[in-house]
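S.K.: Mapping the sequence shown onto my numbering, position 36 (from 1) lands on 47, and the numbers just tick up by one. Here a beta-carbon is modelled for each residue, glycine too, at the ideal position from N, C-alpha and C. Take a look at the following structure, please.
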Amino acid sequence: MKRPDGNQYDWNLGGSGRQYPRDSGADGSDSDAFPFVETEIVRRRGRGWIGLAVFLVILVAIVVALDNGARWYVGNLVKSTARSSLSLADSTPVTVKIGGTSVLYQAATGRFERVDVAIDPLGIGDLSGKATLTAIGVPLSRSKPMDSARVVFVASPDEVKKLLVGFTGLPVSSVKIGSGTVQLSTVITALGVSVPVAIDFVPSVVEGQLALTPKSVAVNGKTVTSAVLRATFGALAEPLLAPQKLCVAKFLPKQLPLDSATVSGSSLQLAVFGRSVTLSTALLTTKGVCA
(Lines of atoms letter the chains of each structure in order from A and count residues from 1; the text may use other names and numbers.)
(Lines give C-alpha, C1' and ligand atoms only; values in the text may rest on other atoms or scores of the structure.)
Protein backbone atom coordinates (compact mmCIF):
# COMPACT_ATOMS: atom_id res chain seq x y z
CA MET A 1 0.00 0.00 0.00
CA LYS A 2 1.34 3.41 -0.98
CA ARG A 3 1.11 6.79 0.63
CA PRO A 4 -0.37 9.70 -1.32
CA ASP A 5 3.16 10.79 -2.31
CA GLY A 6 3.88 7.39 -3.84
CA ASN A 7 6.18 6.06 -1.04
CA GLN A 8 5.56 2.81 0.79
CA TYR A 9 4.59 2.59 4.43
CA ASP A 10 7.00 0.69 6.63
CA TRP A 11 4.81 -1.91 8.33
CA ASN A 12 5.48 -3.57 11.65
CA LEU A 13 8.77 -1.73 12.31
CA GLY A 14 10.51 -3.28 15.26
CA GLY A 15 7.74 -5.91 15.60
CA SER A 16 5.46 -3.46 17.36
CA GLY A 17 2.61 -3.72 14.87
CA ARG A 18 2.56 0.07 14.42
CA GLN A 19 2.90 1.91 11.10
CA TYR A 20 5.58 4.54 10.71
CA PRO A 21 5.73 6.50 7.47
CA ARG A 22 9.09 6.86 5.85
CA ASP A 23 10.02 10.29 4.64
CA SER A 24 12.28 10.67 1.67
CA GLY A 25 14.51 13.56 0.92
CA ALA A 26 14.73 15.32 -2.38
CA ASP A 27 17.19 12.72 -3.64
CA GLY A 28 14.99 9.82 -2.55
CA SER A 29 17.03 9.06 0.60
CA ASP A 30 15.54 8.86 4.06
CA SER A 31 16.04 12.23 5.85
CA ASP A 32 14.50 11.09 9.12
CA ALA A 33 14.01 7.37 9.07
CA PHE A 34 13.28 6.99 12.83
CA PRO A 35 11.70 10.16 14.16
CA PHE A 36 10.09 8.33 17.09
CA VAL A 37 13.51 7.14 18.31
CA GLU A 38 14.85 10.70 18.51
CA THR A 39 11.71 11.84 20.32
CA GLU A 40 12.06 9.09 22.90
CA ILE A 41 15.71 10.01 23.53
CA VAL A 42 14.79 13.66 24.10
CA ARG A 43 12.05 12.60 26.51
CA ARG A 44 14.45 10.41 28.47
CA ARG A 45 17.02 13.21 28.64
CA GLY A 46 14.35 15.58 29.94
CA ARG A 47 13.36 13.13 32.63
CA GLY A 48 17.05 12.80 33.58
CA TRP A 49 17.47 16.56 34.16
CA ILE A 50 14.26 16.72 36.15
CA GLY A 51 15.41 13.83 38.31
CA LEU A 52 18.76 15.53 38.92
CA ALA A 53 17.03 18.76 39.90
CA VAL A 54 14.76 16.93 42.35
CA PHE A 55 17.79 15.16 43.84
CA LEU A 56 19.64 18.45 44.33
CA VAL A 57 16.62 20.02 46.02
CA ILE A 58 16.35 17.05 48.39
CA LEU A 59 20.11 17.17 49.05
CA VAL A 60 20.01 20.88 49.91
CA ALA A 61 17.03 20.28 52.21
CA ILE A 62 18.94 17.52 54.01
CA VAL A 63 22.03 19.72 54.44
CA VAL A 64 19.92 22.61 55.76
CA ALA A 65 18.13 20.28 58.16
CA LEU A 66 21.45 18.89 59.41
CA ASP A 67 22.86 22.41 59.83
CA ASN A 68 19.76 23.58 61.71
CA GLY A 69 20.03 20.52 63.91
CA ALA A 70 23.70 21.27 64.59
CA ARG A 71 22.86 24.92 65.37
CA TRP A 72 20.17 23.80 67.81
CA TYR A 73 22.54 21.29 69.45
CA VAL A 74 25.39 23.80 69.87
CA GLY A 75 22.98 26.43 71.18
CA ASN A 76 21.62 24.07 73.81
CA LEU A 77 25.14 23.02 74.78
CA VAL A 78 26.12 26.67 75.33
CA LYS A 79 22.92 27.29 77.27
CA SER A 80 23.56 24.30 79.54
CA THR A 81 27.15 25.43 80.13
CA ALA A 82 25.98 28.95 81.02
CA ARG A 83 23.45 27.63 83.52
CA SER A 84 25.94 25.37 85.27
CA SER A 85 28.83 27.89 85.24
CA LEU A 86 26.74 30.77 86.60
CA SER A 87 24.55 28.64 88.88
CA LEU A 88 21.40 29.92 87.21
CA ALA A 89 17.98 28.72 88.24
CA ASP A 90 16.03 26.67 85.72
CA SER A 91 13.44 29.45 85.60
CA THR A 92 16.01 32.03 84.47
CA PRO A 93 15.57 32.73 80.75
CA VAL A 94 18.73 32.08 78.74
CA THR A 95 18.79 32.79 75.00
CA VAL A 96 21.62 31.60 72.76
CA LYS A 97 22.22 32.54 69.14
CA ILE A 98 24.94 31.01 66.99
CA GLY A 99 25.78 33.52 64.27
CA GLY A 100 27.80 33.31 61.09
CA THR A 101 27.59 30.86 58.21
CA SER A 102 26.89 27.14 58.36
CA VAL A 103 27.42 25.73 61.85
CA LEU A 104 28.77 22.51 60.34
CA TYR A 105 31.36 24.51 58.39
CA GLN A 106 32.30 26.54 61.46
CA ALA A 107 32.70 23.37 63.50
CA ALA A 108 34.94 21.94 60.78
CA THR A 109 37.19 25.02 61.00
CA GLY A 110 37.38 24.62 64.79
CA ARG A 111 36.01 28.06 65.60
CA PHE A 112 32.57 29.68 65.73
CA GLU A 113 32.30 33.15 64.21
CA ARG A 114 29.93 34.64 66.80
CA VAL A 115 27.97 33.48 69.82
CA ASP A 116 25.41 35.67 71.62
CA VAL A 117 24.12 34.72 75.07
CA ALA A 118 21.39 36.75 76.80
CA ILE A 119 20.52 36.16 80.47
CA ASP A 120 17.66 37.99 82.14
CA PRO A 121 18.19 38.51 84.97
CA LEU A 122 21.81 37.87 85.93
CA GLY A 123 22.88 38.55 89.50
CA ILE A 124 26.28 40.24 89.87
CA GLY A 125 26.99 40.78 93.53
CA ASP A 126 24.21 42.99 94.86
CA LEU A 127 23.18 44.00 91.35
CA SER A 128 20.69 42.26 89.10
CA GLY A 129 19.79 42.97 85.49
CA LYS A 130 19.83 41.73 81.94
CA ALA A 131 23.26 40.71 80.65
CA THR A 132 24.24 39.98 77.07
CA LEU A 133 27.52 38.26 76.17
CA THR A 134 28.83 38.60 72.61
CA ALA A 135 31.78 36.35 71.88
CA ILE A 136 33.70 36.59 68.59
CA GLY A 137 35.92 33.81 67.24
CA VAL A 138 34.99 31.16 69.80
CA PRO A 139 37.21 28.04 69.59
CA LEU A 140 35.88 24.53 70.10
CA SER A 141 38.61 23.96 72.66
CA ARG A 142 37.90 25.84 75.89
CA SER A 143 41.63 25.98 76.59
CA LYS A 144 42.16 28.34 73.65
CA PRO A 145 41.25 32.05 73.81
CA MET A 146 38.44 33.60 71.80
CA ASP A 147 39.15 36.66 69.67
CA SER A 148 37.09 39.01 71.84
CA ALA A 149 34.28 39.10 74.39
CA ARG A 150 31.87 41.88 75.26
CA VAL A 151 29.31 41.84 78.05
CA VAL A 152 26.60 44.50 78.33
CA PHE A 153 24.85 44.76 81.71
CA VAL A 154 21.58 46.70 81.79
CA ALA A 155 20.94 48.35 85.16
CA SER A 156 17.59 49.82 86.17
CA PRO A 157 17.35 52.97 88.34
CA ASP A 158 16.99 50.83 91.47
CA GLU A 159 20.18 48.93 90.62
CA VAL A 160 22.07 52.15 89.86
CA LYS A 161 21.00 53.47 93.25
CA LYS A 162 22.87 50.56 94.83
CA LEU A 163 25.98 51.64 92.94
CA LEU A 164 25.66 55.21 94.18
CA VAL A 165 25.48 54.44 97.89
CA GLY A 166 27.99 56.77 99.52
CA PHE A 167 28.75 58.29 96.11
CA THR A 168 28.54 61.95 97.16
CA GLY A 169 28.71 61.52 100.90
CA LEU A 170 25.02 62.44 101.00
CA PRO A 171 22.07 60.05 101.22
CA VAL A 172 20.59 59.14 97.81
CA SER A 173 16.82 59.31 98.06
CA SER A 174 16.04 58.31 94.45
CA VAL A 175 17.56 57.76 91.00
CA LYS A 176 15.96 58.49 87.63
CA ILE A 177 17.41 57.67 84.23
CA GLY A 178 16.43 59.32 80.96
CA SER A 179 17.32 61.87 78.29
CA GLY A 180 20.93 60.72 78.36
CA THR A 181 21.48 61.45 82.04
CA VAL A 182 21.34 59.81 85.47
CA GLN A 183 19.46 61.99 87.92
CA LEU A 184 20.39 61.67 91.58
CA SER A 185 18.07 63.14 94.20
CA THR A 186 19.29 63.94 97.68
CA VAL A 187 18.64 66.32 100.57
CA ILE A 188 20.99 69.01 101.81
CA THR A 189 20.47 70.27 105.34
CA ALA A 190 21.73 73.73 106.24
CA LEU A 191 20.88 75.72 109.38
CA GLY A 192 18.33 73.11 110.31
CA VAL A 193 16.53 73.41 106.97
CA SER A 194 16.37 70.41 104.61
CA VAL A 195 16.29 71.27 100.92
CA PRO A 196 15.70 68.68 98.13
CA VAL A 197 18.32 68.77 95.41
CA ALA A 198 18.38 66.87 92.09
CA ILE A 199 21.52 66.61 89.95
CA ASP A 200 21.65 65.33 86.38
CA PHE A 201 24.89 63.46 85.64
CA VAL A 202 26.24 62.37 82.24
CA PRO A 203 27.84 58.89 82.53
CA SER A 204 31.13 57.96 80.86
CA VAL A 205 34.19 55.77 81.46
CA VAL A 206 37.53 57.21 82.57
CA GLU A 207 40.49 54.87 83.16
CA GLY A 208 38.19 51.88 83.60
CA GLN A 209 36.00 53.62 86.16
CA LEU A 210 32.45 54.90 85.93
CA ALA A 211 32.54 58.69 85.71
CA LEU A 212 29.57 60.98 86.34
CA THR A 213 29.82 64.59 85.21
CA PRO A 214 27.20 67.07 86.49
CA LYS A 215 25.07 68.63 83.77
CA SER A 216 22.37 70.51 85.67
CA VAL A 217 21.17 71.09 89.24
CA ALA A 218 17.65 71.70 90.52
CA VAL A 219 16.79 72.98 94.02
CA ASN A 220 13.20 72.60 95.12
CA GLY A 221 12.34 71.71 91.54
CA LYS A 222 13.94 74.85 90.06
CA THR A 223 17.10 74.75 87.96
CA VAL A 224 19.95 76.80 89.42
CA THR A 225 23.52 77.52 88.41
CA SER A 226 26.55 76.05 90.14
CA ALA A 227 27.43 79.49 91.50
CA VAL A 228 24.03 79.87 93.17
CA LEU A 229 24.28 76.40 94.71
CA ARG A 230 27.75 77.14 96.09
CA ALA A 231 26.63 80.50 97.44
CA THR A 232 23.65 78.93 99.16
CA PHE A 233 25.17 75.75 100.61
CA GLY A 234 28.90 76.42 100.58
CA ALA A 235 31.12 73.35 101.00
CA LEU A 236 28.08 71.05 101.14
CA ALA A 237 27.50 71.69 97.45
CA GLU A 238 31.01 70.74 96.28
CA PRO A 239 30.50 66.95 96.16
CA LEU A 240 27.43 67.50 93.97
CA LEU A 241 29.14 69.80 91.50
CA ALA A 242 32.46 68.04 90.97
CA PRO A 243 32.90 65.22 88.42
CA GLN A 244 32.87 61.92 90.27
CA LYS A 245 34.56 58.59 89.60
CA LEU A 246 33.06 55.39 90.87
CA CYS A 247 34.86 52.05 90.92
CA VAL A 248 32.56 49.27 89.72
CA ALA A 249 35.25 46.62 89.31
CA LYS A 250 33.86 44.58 92.22
CA PHE A 251 30.67 44.07 90.22
CA LEU A 252 32.31 43.22 86.88
CA PRO A 253 34.41 40.31 85.47
CA LYS A 254 38.08 40.75 86.33
CA GLN A 255 39.28 39.88 82.80
CA LEU A 256 36.88 42.34 81.19
CA PRO A 257 37.46 45.99 82.16
CA LEU A 258 34.72 48.60 81.90
CA ASP A 259 34.59 49.86 78.33
CA SER A 260 31.55 52.14 78.09
CA ALA A 261 28.65 53.55 80.10
CA THR A 262 25.63 54.86 78.22
CA VAL A 263 22.01 55.69 78.92
CA SER A 264 19.49 53.73 76.91
CA GLY A 265 15.88 54.64 77.57
CA SER A 266 15.34 54.39 81.32
CA SER A 267 18.36 52.19 82.05
CA LEU A 268 22.13 52.49 82.35
CA GLN A 269 24.16 50.14 80.15
CA LEU A 270 27.58 49.15 81.44
CA ALA A 271 29.72 47.36 78.87
CA VAL A 272 32.93 45.45 79.52
CA PHE A 273 35.27 44.28 76.76
CA GLY A 274 38.37 42.14 76.39
CA ARG A 275 40.51 40.55 73.68
CA SER A 276 42.08 37.07 73.65
CA VAL A 277 39.86 35.99 76.52
CA THR A 278 39.73 32.35 77.55
CA LEU A 279 36.21 31.05 77.93
CA SER A 280 35.96 29.46 81.36
CA THR A 281 33.79 29.40 84.44
CA ALA A 282 35.98 32.05 86.05
CA LEU A 283 35.43 34.49 83.17
CA LEU A 284 32.12 35.82 84.52
CA THR A 285 32.29 34.61 88.13
CA THR A 286 35.65 36.14 89.14
CA LYS A 287 35.13 39.84 89.89
CA GLY A 288 37.61 42.68 90.01
CA VAL A 289 38.80 44.56 93.10
CA CYS A 290 38.44 48.24 93.96
CA ALA A 291 41.59 49.74 95.45
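Using C-beta distances below 8 Å, list every residue in its chain close to R122, excluding the 5 sequence neighbours before and after it, in chain order.
M.R.: Excluding positions up to five away in sequence, the list reads G148, V149, P150 and L151.
S.K.: Given 8 Å as the limit, is there contact between the region 262 to 280 and the region 156 to 175, that is, 3 or more CB pairs closer than that?
M.R.: Judged by Cβ distances under 8 Å, the region 262 to 280 makes contact with the region 156 to 175, as three or more pairs qualify.
S.K.: Can you grab the Cα-Cα spacing for the pair F284 / A81, in whole Å?
M.R.: Spanning the two alpha carbons is a distance of roughly 28 Å.
S.K.: How about D137 and K173: are their beta carbons less than 8 Å apart?
M.R.: Taking 8 Å as the Cβ cut-off, D137 and K173 qualify as a contacting pair.
S.K.: Give the secondary structure of D270 by DSSP, where H, G and I count as helix, E and B as strand, and everything else as coil.
M.R.: In this structure, D270 counts as strand in the three-state DSSP scheme.
S.K.: For a quick check, are the C-beta atoms of L181 and T197 less than 8 Å apart?
M.R.: Result yes, Cβ atoms of L181 and T197 sit closer than 8 Å.
S.K.: Identify which residue in R125, V176, I130 and S159 has its Cα closest to the Cα of T103.
M.R.: Here the closest residue by C-alpha is I130.
S.K.: Where are the alpha helix (DSSP H) runs, 4 residues long or more, that stay fully inside the region 109 to 184, in chain order?
M.R.: Runs of the alpha helix (DSSP H) inside the region 109 to 184: 114 to 120 and 168 to 174.
S.K.: So K256 and Q220 are in contact, right, with Cβ under 8 Å, and what is the actual spacing, rounded?
M.R.: The pair is a contact, with the Cβ atoms about 5 Å apart (cut-off 8 Å).
S.K.: With distances taken between CB atoms, is the gap from V114 to V85 smaller than 8 Å?
M.R.: Their beta carbons are under 8 Å apart, which means V114 touches V85 by this criterion.
S.K.: How many angstroms separate the CA atom of V193 from the CA atom of P254?
M.R.: So the alpha carbons of these two residues sit roughly 13 Å apart.
S.K.: Is the beta carbon of R125 closer than 8 Å to that of G110?
M.R.: Yes, these two residues count as a Cβ contact at 8 Å.
S.K.: When the distance is taken between beta carbons, is P214 closer than 8 Å to L279?
M.R.: It is a contact, given that the beta carbons lie within the stated cut-off.
S.K.: Applying the criterion that 16 or more other CB atoms from any shown protein chain within 10 Å of the CB defines a buried residue, is V217 buried or exposed?
M.R.: The residue in question, V217, is exposed, as its Cβ has fewer than 16 Cβ neighbours within 10 Å.
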